[in-house]
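A.B. asks: Line by line, the protein sequences are chains P and L.
Per our numbering, residue 2 is the first one in the first sequence, and the count goes up by one each step.
Per our numbering, residue 2 is the first one in the second sequence, and the count goes up by one each step.
For every residue, glycine included, the Cβ atom is placed at its ideal position computed from N, Cα and C.
Handing you this structure, nothing more for now.
Protein chains: 2
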Amino acid sequence: MTSKGLLLHEVGLRDGLQMESQVVPLEKKAAWLSGLLESGMDIIQVGSFVHPVKVPQMADTDELFRRFTAHKKPRAILSGLVLNEKGLERGLACGVEMFCLGASASETHSLKNTGMGTDEAVTRIIGAAKAAVAAGKKVQLSVQSAFGCGFEGLISEERVLKIVRAYVEAGLRNISLADTAGHAHPAQVERLFGAVLALDPGIECACHFHNTYGLGMANMFAALRAGVSSFETSFAGLGGCPFTKVAAGNVATEDFVHVLQLEGLRKDVSLDRLLAVARDAAAHFERDMQGFVYKTGPIRTQTAV
Amino acid sequence: MTSKGLLLHEVGLRDGLQMESQVVPLEKKAAWLSGLLESGMDIIQVGSFVHPVKVPQMADTDELFRRFTAHKKPRAILSGLVLNEKGLERGLACGVEMFCLGASASETHSLKNTGMGTDEAVTRIIGAAKAAVAAGKKVQLSVQSAFGCGFEGLISEERVLKIVRAYVEAGLRNISLADTAGHAHPAQVERLFGAVLALDPGIECACHFHNTYGLGMANMFAALRAGVSSFETSFAGLGGCPFTKVAAGNVATEDFVHVLQLEGLRKDVSLDRLLAVARDAAAHFERDMQGFVYKTGPIRTQTAV
Numbered sequence: 002m003t004s005k006g007l008l009l010h011e012v013g014l015r016d017g018l019q020m021e022s023q024v025v026p027l028e029k030k031a032a033w034l035s036g037l038l039e040s041g042m043d044i045i046q047v048g049s050f051v052h053p054v055k056v057p058q059m060a061d062t063d064e065l066f067r068r069f070t071a072h073k074k075p076r077a078i079l080s081g082l083v084l085n086e087k088g089l090e091r092g093l094a095c096g097v098e099m100f101c102l103g104a105s106a107s108e109t110h111s112l113k114n115t116g117m118g119t120d121e122a123v124t125r126i127i128g129a130a131k132a133a134v135a136a137g138k139k140v141q142l143s144v145q146s147a148f149g150c151g152f153e154g155l156i157s158e159e160r161v162l163k164i165v166r167a168y169v170e171a172g173l174r175n176i177s178l179a180d181t182a183g184h185a186h187p188a189q190v191e192r193l194f195g196a197v198l199a200l201d202p203g204i205e206c207a208c209h210f211h212n213t214y215g216l217g218m219a220n221m222f223a224a225l226r227a228g229v230s231s232f233e234t235s236f237a238g239l240g241g242c243p244f245t246k247v248a249a250g251n252v253a254t255e256d257f258v259h260v261l262q263l264e265g266l267r268k269d270v271s272l273d274r275l276l277a278v279a280r281d282a283a284a285h286f287e288r289d290m291q292g293f294v295y296k297t298g299p300i301r302t303q304t305a306v
Numbered sequence: 002m003t004s005k006g007l008l009l010h011e012v013g014l015r016d017g018l019q020m021e022s023q024v025v026p027l028e029k030k031a032a033w034l035s036g037l038l039e040s041g042m043d044i045i046q047v048g049s050f051v052h053p054v055k056v057p058q059m060a061d062t063d064e065l066f067r068r069f070t071a072h073k074k075p076r077a078i079l080s081g082l083v084l085n086e087k088g089l090e091r092g093l094a095c096g097v098e099m100f101c102l103g104a105s106a107s108e109t110h111s112l113k114n115t116g117m118g119t120d121e122a123v124t125r126i127i128g129a130a131k132a133a134v135a136a137g138k139k140v141q142l143s144v145q146s147a148f149g150c151g152f153e154g155l156i157s158e159e160r161v162l163k164i165v166r167a168y169v170e171a172g173l174r175n176i177s178l179a180d181t182a183g184h185a186h187p188a189q190v191e192r193l194f195g196a197v198l199a200l201d202p203g204i205e206c207a208c209h210f211h212n213t214y215g216l217g218m219a220n221m222f223a224a225l226r227a228g229v230s231s232f233e234t235s236f237a238g239l240g241g242c243p244f245t246k247v248a249a250g251n252v253a254t255e256d257f258v259h260v261l262q263l264e265g266l267r268k269d270v271s272l273d274r275l276l277a278v279a280r281d282a283a284a285h286f287e288r289d290m291q292g293f294v295y296k297t298g299p300i301r302t303q304t305a306v
């Protein structure tokens with residue numbers, strides 16, 4: 002598939018839940034995290050370190066980390082999203098193993114999200130990332146709105162590559178391109194990841210797609226062909242806005258693992274455990290989630306007649 | 002893309018509506034067909050010629066054809082599905098230009114659907130197809146359940162290729178592989194279409210995917226890469242069973258045209274007209290349909306800042 006292997010990075014507890022206005026109790030988050038750990042996912046994003054007043058859903062991120070890191074090394078790498086130095090401090094204090102940081106390629110999105118333009122945000126993020134590396138932690142740097150922006154429309158590939166070059170020049174080569182708005186399409190995905198991977202042989206790419214226009218899964222396969230090695234997904238397809246009919250969630254983890262296994266890949270992951278987590282999430286939120294396979298069950302693939 | 006071009010075949014009025022228990026009035030079908038014709042689709046399947054008692058939804062297929070063929074040549078090729086010689090007679094009498102016929106690669110599915118095993122069904126279908134060709138009509142022959150079967154599970158590729166060889170030996174080279182159960186996955190799609198196209202340089206392939214497990218769009222792109230030249234889709238993603246939460250519809254026509262246009266293809270088709278038909282269908286059925294773009298609107302792709 003890719004020479005670098007294929008890593009599964011679960012981000013539902015962060016990118017999924019942050020869109021949910023109803024705060025999920027800590028015990029429920031812990032139960033889902035346990036299920037995800039048991040499934041055999043490689044990396045699990047536990048939450049983000051943002052101001053609890055701004056995002057109440059993430060107020061217990063530190064405590065959730067501590068529960069799973071205080072007494073033993075967890076089975077997966079536990080990642081946390083941080084926006085700044087303050088978040089980094091909190092993450093270092095509670096056992097984060099992999100720090101995810103990012104800047105938006107859309108100037109408008111960057112200003113709305115952080116109050117800083119892209120250039121300033123990139124500089125600041127690189128500073129925090131270097132501090133995390135100095136503390137012995139893994140780091141992943143993302144470019145948000147890499148494939149288009151709800152505010153600005155098309156984002157030029159040169160804007161994205163400029164940010165990636167800044168990361169690489171700082172020695173940071175674990176790079177995620179995030180399709181924040183769901184605008185990516187397969188030819189663009191192959192082209193842009195191809196261009197990023199061509200910058201430096203040490204780069205490892207991750208992808209993050211939203212399914213706003215029904216293209217999430219097709220884009221995952223385009224990324225796979227382009228040589229992307231880490232795939233970010235959310236259990237049950239969490240991540241869309243529950244108050245509209247627009248299905249803007251992430252690609253569902255269990256749907257992606259299901260098709261990978263049809264293709265003979267990652268049979269080490271427990272699809273049953275992932276389906277159990279997705280079904281429990283659907284029961285918790287009492288609504289139809291974006292995932293498919295938690296509703297249908299997996300395809301029966303017994304030997305042909 | 003492919004040397005043979007890329008044809009769009011709308012099948013919602015047949016494969017979509019046949020799943021709907023509520024019979025759609027003829028005037029409504031005619032309005033949707035008019036919109037689809039104005040959009041610039043290449044081929045539009047108007048209905049099937051089955052016994053009206055068996056499928057009441059299709060009872061007015063002959064009349065719908067006559068409305069659009071009696072006075073002038075329609076802008077698109079109008080296709081009709083026939084199961085047997087009786088259907089062929091009806092189709093020839095009401096102006097069908099392209100006959101679609103098929104047999105299932107799953108013995109169980111074939112028996113349940115037609116009362117005949119696969120071999121007998123193939124022989125009979127080839128006979129009817131030759132009669133259509135003799136009458137000066139276009140013909141497309143499909144293999145149903147080509148990628149897996151709800152009853153039998155996996156279907157061996159050799160079973161599919163055996164049917165295709167029988168078609169080709171009869172001089173019938175317009176071949177559709179239908180993923181009736183939605184079991185197809187991208188690597189399988191590329192492999193099987195590659196094997197079919199390798200059988201004879203005169204073969205033109207069509208594909209037909211259901212989105213049961215969320216893989217429809219990814220499979221369309223796999224088919225495009227494999228050299229498939231005709232793509233079957235349903236407006237609004239019609240085709241799933243409306244009485245379950247399982248989203249087993251076809252890939253939505255307007256979603257596919259939307260992404261093709263993002264990729265610079267088929268800009269001659271009016272996405273706006275397709276979206277209007279999909280929105281009218283959602284209003285008619287008073288439910289959330291499987292398509293995405295009729296809800297979100299298309300991606301704004303103005304020049305990058």
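Taking Cβ to Cβ, would you say Phe236/L is nearer than 8 Å to Gly92/L?
C.D. replies: Taking the second sequence and counting its residues from 1, the one referred to as residue 236/L is at position 235. Taking the second sequence and counting its residues from 1, the one referred to as residue 92/L is at position 91. Cβ atoms of Phe236/L and Gly92/L: not closer than 8 Å.
A.B. asks: Could you give the first and the last residue of the continuous alpha helix (DSSP H) run that contains Glu90/P?
C.D. replies: Here residue 90/P refers to the residue found at position 89 when the first sequence is read from its first residue. 86-95 is the extent of the alpha helix (DSSP H) around Glu90/P.
A.B. asks: What does Val144/L pair with, by DSSP beta-bridge criteria?
C.D. replies: Indexing the second sequence from 1 puts residue 144/L at position 143. Paired residue(s): Ala104/L, Leu178/L.
A.B. asks: Is it buried or exposed for Pro53/P, if we count other Cβ within 10 angstroms and need 16 for buried?
C.D. replies: Counted from its first residue, the first sequence places residue 53/P at position 52. Classification of Pro53/P: exposed, given that the 10 Å Cβ count is below 16.
A.B. asks: Nearest chain L C-beta to Gly6/P closer than 8 Å, yes or no?
C.D. replies: Locating residue 6/P in the first sequence gives position 5, where the first residue counts as 1. No, because no Cβ of chain L sits closer than 8 Å to the Cβ of Gly6/P.
A.B. asks: What separation, rounded to the nearest whole angstrom, lies between the Cα atoms of Leu162/P and Ala196/P?
C.D. replies: Translated into positions along the first sequence, residue 162/P becomes position 161. Translated into positions along the first sequence, residue 196/P becomes position 195. Taking the CA atoms as reference points, Leu162/P sits about 8 Å from Ala196/P.
A.B. asks: What's the call for Lys268/L, buried or exposed, on a 16-neighbour Cβ count within 10 Å?
C.D. replies: Residue mapping note: residue 268/L aligns to position 267 of the second sequence, counting from 1. By the neighbour-count rule (16 or more Cβ atoms within 10 Å), Lys268/L is not buried but exposed.
A.B. asks: What residues from chain P crowd round His184/L, counting only those whose CB sits closer than 7 Å?
C.D. replies: Counting from one through the second sequence, the residue named residue 184/L turns up at place 183. Those are Ile300, listed as they occur along chain P.
A.B. asks: Candidates Gly103/P, Leu7/P, Leu9/P: which alpha carbon is nearest Ser49/P's?
C.D. replies: The residue labelled residue 49/P in the question sits at position 48 within the first sequence. Ranking the options by Cα distance to Ser49/P, first place goes to Gly103/P.
A.B. asks: Please identify, using Cβ separations under 8 Å, the residues of the stretch 213-238 of chain P that lie next to chain L, in order along the chain.
C.D. replies: Listed by position, the residues of the stretch 213-238 of chain P near chain L (Cβ gap below 8 Å) are Thr213, Tyr214, Gly215, Leu216, Met218, Ala219, Met221, Phe222, Ala223.
A.B. asks: Compute the distance between the beta-carbons of Arg179/L and Ser143/L, then report whether it is under 8 Å.
C.D. replies: For the purposes of this step, residue 179/L is identified with residue 178 of the second sequence, where counting begins at 1. For the purposes of this step, residue 143/L is identified with residue 142 of the second sequence, where counting begins at 1. In the sequence as presented, Arg is not what sits at residue 179/L; that position holds Ala. Yes, these two residues count as a Cβ contact at 8 Å.
A.B. asks: Any beta carbon from chain P within less than 8 Å of Glu11/L's own beta carbon?
C.D. replies: By 1-based counting over the second sequence, the position of residue 11/L is 10. Chain P, which has no Cβ nearer than 8 Å to the Cβ of Glu11/L, makes this no.
A.B. asks: For Arg288/L, does the count of other Cβ atoms within 10 angstroms reach 16, so buried, or fall short, so exposed?
C.D. replies: Residue numbering aside, residue 288/L sits at position 287 when the second sequence is read from its first letter. Label assigned to Arg288/L: exposed.
A.B. asks: Output needed for Ala171/L: all residues of its chain with C-beta closer than 6 Å, excluding positions within five of it in sequence on either side, in chain order.
C.D. replies: For this step, residue 171/L is matched to residue 170 along the second sequence. Counting only Cβ-Cβ distances below 6 Å, and skipping sequence neighbours, we find Ile127.
A.B. asks: Please work out which residues of its chain come closer than 6 Å, Cβ to Cβ, to Cys101/L, disregarding the five sequence neighbours upstream and downstream, and give them in chain order.
C.D. replies: The sequence position of residue 101/L within the second sequence is 100, counting from 1. The answer, listed in chain order, is Ser80, Leu82, Gln141.
A.B. asks: Beta carbons nearer than 7 Å to chain P: which residues of the stretch 140-153 of chain L have them?
C.D. replies: Gly149, Glu153
A.B. asks: Within 8 Å (strictly less), CB to CB, does Val306/L reach chain P?
C.D. replies: If you number the second sequence from 1, residue 306/L lands on position 305. Only weak support is given to the placement of Val306/L: the predicted model assigns it a pLDDT of 37, under 50, and the question is left unresolved by the model.
A.B. asks: Please confirm if the stretch 248-259 of chain L is in contact with the stretch 24-31 of chain L, defined as three or more CB-CB distances below 8 Å between the two stretches.
C.D. replies: No: fewer than three Cβ pairs fall under 8 Å.
A.B. asks: Using 8 Å as the limit for Cβ to Cβ distance, is Asp120/L near chain P?
C.D. replies: Against the second sequence, residue 120/L aligns to sequence position 119. No, its Cβ sits nowhere closer than 8 Å to a Cβ of chain P.
A.B. asks: Compute the distance between the beta-carbons of Glu98/L and Ile78/L, then report whether it is under 8 Å.
C.D. replies: Taking the first residue of the second sequence as 1, we reach residue 98/L at position 97. Taking the first residue of the second sequence as 1, we reach residue 78/L at position 77. The answer is yes: Cβ separation under 8 Å.
A.B. asks: How big is the Cα-Cα spacing for Met20/P and Gly240/P?
C.D. replies: Taking the first sequence and counting its residues from 1, one reaches residue 20/P at position 19. Taking the first sequence and counting its residues from 1, one reaches residue 240/P at position 239. Straight through space, the alpha carbons of Gly240/P and Met20/P are spaced by roughly 6 Å.
A.B. asks: Which residues, taken in chain order from the stretch 265-298 of chain P, show a beta carbon closer than 9 Å to some beta carbon of chain L?
C.D. replies: Gly265, Asp289, Gln291, Gly292, Phe293, Val294, Lys296, Thr297
A.B. asks: Which class does Val54/L belong to by DSSP, given the choice of helix, strand or coil?
C.D. replies: Here residue 54/L corresponds to residue number 53 of the second sequence, with the count starting at 1. When DSSP states are grouped into helix, strand and coil, Val54/L belongs to the coil group.
A.B. asks: State the start and end residues of the unbroken beta strand (DSSP E) segment that holds Thr234/P.
C.D. replies: Taking the first sequence and counting its residues from 1, the one referred to as residue 234/P is at position 233. Per DSSP, Thr234/P belongs to the beta strand (DSSP E) from 231-234.
A.B. asks: What is the C-beta distance between Leu272/P and Glu255/P, in whole angstroms, given that I count them as a contact (C-beta under 8 Å)?
C.D. replies: Reading the first sequence from its first residue, position 271 is the one you call residue 272/P. Reading the first sequence from its first residue, position 254 is the one you call residue 255/P. Sure, about 6 Å apart at Cβ, within 8 Å.
A.B. asks: Are the beta-carbon atoms belonging to Val134/L and Ala167/L less than 8 Å from one another?
C.D. replies: Against the second sequence, residue 134/L aligns to sequence position 133. Against the second sequence, residue 167/L aligns to sequence position 166. Not closer than 8 Å, so no.
A.B. asks: Please decide whether Ala188/L counts as near chain P, where near means a Cβ-Cβ distance under 8 Å.
C.D. replies: Taking the second sequence and counting its residues from 1, the one referred to as residue 188/L is at position 187. So yes, Ala188/L belongs to the interface.
A.B. asks: Among residues of its own chain, excluding the 5 on either side of Pro299/P, which ones have a beta-carbon nearer than 7 Å to its beta-carbon?
C.D. replies: Locating residue 299/P in the first sequence gives position 298, counting from the first residue. Only His259, Leu272 meet the Cβ criterion.
A.B. asks: So if DSSP puts Gln46/P in a beta bridge, which residue, or which two residues, is it bridged to?
C.D. replies: Here residue 46/P corresponds to residue number 45 of the first sequence, with the count starting at 1. For Gln46/P, which the question treats as bridged, DSSP gives the partners Ser80/P.
A.B. asks: Against chain L, which members of the stretch 12-26 of chain P pass a CB distance test of less than 9 Å?
C.D. replies: none
A.B. asks: Is there at least one Cβ from chain P nearer than 8 Å to Leu263/L's Cβ?
C.D. replies: Working through the second sequence from its first residue, we reach residue 263/L at position 262. Chain P, which has a Cβ nearer than 8 Å to the Cβ of Leu263/L, makes this yes.
A.B. asks: Can you tell me the Cβ-Cβ gap for Phe152/P and Ser107/P, rounded? I've got them flagged as a contact below 8 Å.
C.D. replies: Start at 1 with the first residue of the first sequence, and residue 152/P comes out as number 151. Start at 1 with the first residue of the first sequence, and residue 107/P comes out as number 106. 6 Å between Cβ atoms; contact.
A.B. asks: Identify every run of the alpha helix (DSSP H) within the stretch 17-45 of chain L, keeping only runs that are complete inside it and at least 4 residues long; order them along the chain.
C.D. replies: 27-40
A.B. asks: Note down the Cα distance separating Lys117/L from Ser111/L, rounded to an integer number of angstroms.
C.D. replies: Taking the second sequence and counting its residues from 1, one reaches residue 117/L at position 116. Taking the second sequence and counting its residues from 1, one reaches residue 111/L at position 110. Contrary to the premise, residue 117/L reads as Met rather than Lys in this sequence. Roughly 6 Å separates the two Cα atoms.
A.B. asks: In whole angstroms, give me the CA-to-CA distance for Asn220/L and Ala185/L.
C.D. replies: Numbered from 1 along the second sequence, position 219 holds the residue referred to as residue 220/L. Numbered from 1 along the second sequence, position 184 holds the residue referred to as residue 185/L. Each residue's Cα considered, the two are about 7 Å apart.
A.B. asks: Give the DSSP bridge partners of Phe210/P, in chain order.
C.D. replies: Locating residue 210/P in the first sequence gives position 209, where the first residue counts as 1. Answer is Asp180/P, bridged to Phe210/P.
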